[in-house]
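The next block holds one structure in the form of structure tokens; read it before the comments.
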Amino acid sequence: ELVAERAPALGRTVHPPRFVRPALVDRVVRPAYIDPLPAPQRRKFANLMALASLFDGVPGFPTTLAEPPTPRRLEEAFVATVDYLAASRGLLAA
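With the working numbering applied, the sequence shown corresponds to residues 24 to 117, in that order.
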């Protein structure tokens with residue numbers, strides 16, 4: 024969301040991915056798009072799905088920071104990183 028919001032200021036357009044439930048992937052996406060792929064690509068997709076499942080509904084990590092950064096500070100740092108990467112990699116639109 025933050026990247027999509029920042030993109031116009033950088034002269035870019037971002038089309039965010041659509042997030043769907045794993046059941047929809049198994050019922051619709053896999054049969055139509057994944058099953059026809061060669062075995063190595065199917066294996067990569069299976070590994071990606073297994074990795075993604077580790078982050079689904081998991082609480083945040085505990086911290087030992089005296090004062091953890093606020094969500095606003097984290098967002099500001101992320102947007103600054105997006106700006107830096109866009110500039111340093113020549114991704115700014117003319």
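Idealized CB from N, CA, C, for every residue including glycine.
If we call anything under 7 Å between Cβ atoms a contact, is residue 27 one with residue 37? Here residue 27 corresponds to residue number 4 of the sequence shown, with the count starting at 1. Here residue 37 corresponds to residue number 14 of the sequence shown, with the count starting at 1. Yes; because the gap between Cβ atoms is below 7 Å, this pair is in contact.
Since residue 116 and residue 25 should fall inside the 8 Å C-beta cutoff, what is the C-beta to C-beta distance between them, to a whole number of angstroms? Here the question's residue 116 lines up with position 93 in the sequence shown. Here the question's residue 25 lines up with position 2 in the sequence shown. No, residue 116 and residue 25 are not in contact; Cβ-Cβ is about 18 Å, not under 8 Å.
Check whether the Cβ atoms of residue 29 and residue 105 sit closer than 7 Å, and answer yes or no. Taking the first residue of the sequence shown as 1, we reach residue 29 at position 6. Taking the first residue of the sequence shown as 1, we reach residue 105 at position 82. Against a cut-off of 7 Å, the Cβ pair of residue 105 and residue 29 comes out as a contact.
State the DSSP-derived secondary structure class of residue 87, mapped to helix, strand or coil. Here the question's residue 87 lines up with position 64 in the sequence shown. Residue state, collapsed to three classes: coil.
Report the option in 99, 80 and 53 whose CA atom is closest to the CA atom of residue 69. To locate residue 69, count along the sequence shown from 1; it is residue 46. Nearest of 99, 80 and 53 to residue 69, Cα basis: 53.
Quick one: Cα of residue 84 to Cα of residue 77, how far? Mapped onto the sequence shown, residue 84 falls at position 61. Mapped onto the sequence shown, residue 77 falls at position 54. The straight-line gap from Cα to Cα measures roughly 13 Å.
Count the other C-beta atoms from every protein chain shown that fall within 10 angstroms of the C-beta of residue 75, then say buried if there are 16 or more, exposed otherwise. As a position in the sequence shown, residue 75 is number 52, starting the count at 1. Exposed, by the Cβ-count rule.
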